[in-house]
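Visitor: Positions 0 to 280 (numbering that gives the first Met the number 0) are the ones given, in order, by the sequence shown. A single structure is presented below for examination.
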Amino acid sequence: MKSFLRLSRHSLRESWFTLACCAAVIAAFQVLRIWVASQLDFEALSTLLRRSRFSFVERLLPIPLDVIASPLGRSAFGFEEFPTLLMMCLWAVARGSDCYAGRQQSGVLEMTLAQPVRRSDLSLSHGAVTLAGVVAIALAAWTGVALGIHWAPFPNPPPARQLAPAVANLAGLGVFAFGLASAASAWRPTRSGAVGVSVGILIVQAILLGTSRVAPSARWLERFTLLSFYNPSKVAVGMQSAPVETAQLLWHSHLALIGVGFALAIAAAVRFSYRDLPPPS
């Protein structure tokens, strides 16, 4: 237990600045984005898109444009946008890739294991700090949404608590990204290789999801991407209109994202516990 706490404190000291930056950026983005969204005429934008040759854009959206135009829809859609996803995945992939491959490449792993430290404590402490950071970044996004709603001139501002399902879904995505990066880190000898594998898989998953939405004949591709379980706008809006069905969707999403994320992280920890470390170069 002492080694676990000592390693956890060391891991937090190493990563607090990255965590603080990701949390600050995601909160600031949500505040700015909601204020900008409150200034836009979404009804005119919806009409323009449907009458133009870019009408296919609506098929890419997780919820209809009319729903996005509502104050709750505008607030929830920020969890679908690139800066939000980037900050969460940046933290998860950076930490996951550093757990094994990063430490081994820098030579820190050999020095750490030379101390009276169990490999399981190293994996658990690193994972605990990373998952705490995932929750902190998700809560920072929620705080930004709450501040944005408070300051934005919405005619009927939604309560910030209605965004809780979207926040939980974002945290689930972070757990999945961490598990994926940890698994890549345990199987790849270099951190750059682990980052490349995990980011590449996430990009392929996003391409499959986008293709399945744009082309109705390719809808079957959705079954091959776990990102189809990331539906923050859909669950946030759906909990107000169809709570029973949406609660089931949210449960399935958590089971998929968090379950697969934990399974990958555990598999990585097991491989690390039993493998031989190569000699330092």
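No residue lacks a Cβ here, since even glycine has one placed at the ideal position from N, Cα and C.
What did DSSP end up calling R12 once you bin it into helix, strand or coil?
Guide: DSSP places R12 in helix when its eight states are reduced to three.
Visitor: Taking all protein chains shown into account, decide if H251 is buried (16 or more other Cβ within 10 angstroms of its Cβ) or exposed.
Guide: Exposed, since its Cβ has fewer than 16 Cβ neighbours within 10 Å.
Visitor: So for V116, helix, strand or coil by DSSP?
Guide: Three-state result, V116: coil.
Visitor: Less than 7 angstroms between C-beta atoms, sequence neighbours within five positions excluded: which residues of the same chain meet that for V259?
Guide: Answer for V259: F175, G178, L225, listed in chain order.
Visitor: S232 by DSSP, collapsed to three states: which one?
Guide: S232: helix per DSSP, three-state reduction.
Visitor: Would you mind working out which of A165, A214, R274, S191 sits nearest A246, comparing C-alpha positions?
Guide: Considering only alpha carbons, the answer is A165.
Visitor: Exposed or buried, what is K1 when buried is set at 16 or more other beta-carbons lying within 10 Å of its beta-carbon?
Guide: With fewer than 16 other Cβ atoms within 10 Å, it is exposed.
Visitor: What is the DSSP secondary structure of D40, counted as helix, strand or coil?
Guide: Coil.
Visitor: Should S272 go down as buried or exposed, given a rule of 16 or more other Cβ atoms within 10 Å for buried?
Guide: S272 should be labelled exposed.
Visitor: Which residue's Cα is closest to the Cα of H125: T189, M86, A264?
Guide: The shortest C-alpha separation from H125 is found at A264.
Visitor: Between the segment 85-103 and the segment 55-75, are three or more C-beta pairs nearer than 8 angstroms?
Guide: Taking 8 angstroms as the limit for Cβ pairs, the verdict is that the segment 55-75 does not touch the segment 85-103.
Visitor: Where are the alpha helix (DSSP H) runs, 4 residues long or more, that stay fully inside the segment 190-249, in chain order?
Guide: Listed in chain order, the complete alpha helix (DSSP H) runs (minimum 4 residues) inside the segment 190-249 are 190-213, 231-240.
Visitor: Have a look at W141, G72, V269 and flag the residue whose alpha-carbon is nearest the alpha-carbon of P156.
Guide: Comparing Cα-Cα distances from P156 to each of W141, G72, V269, the minimum goes to G72.
Visitor: Which residues in the same chain as A135 place their Cβ atom closer than 8 angstroms to its Cβ, once the five residues preceding and following it in sequence are excluded?
Guide: Answer for A135: L18, A22, listed in chain order.
Visitor: So for M0, helix, strand or coil by DSSP?
Guide: Coil, per DSSP.
Visitor: Are the Cβ atoms of P61 and N230 separated by less than 7 angstroms?
Guide: Yes, the pair counts as a contact, with Cβ atoms nearer than the cut-off.
Visitor: Locate the alpha helix (DSSP H) running through D65, then write down its first and last residues.
Guide: 64-67 is the extent of the alpha helix (DSSP H) around D65.
Visitor: Output the distance between the C-alpha atoms of W282 and I200, rounded to the nearest integer angstrom.
Guide: Residue 282 cannot be examined here, being either before or after the span of the chain that is shown, 0 to 280.
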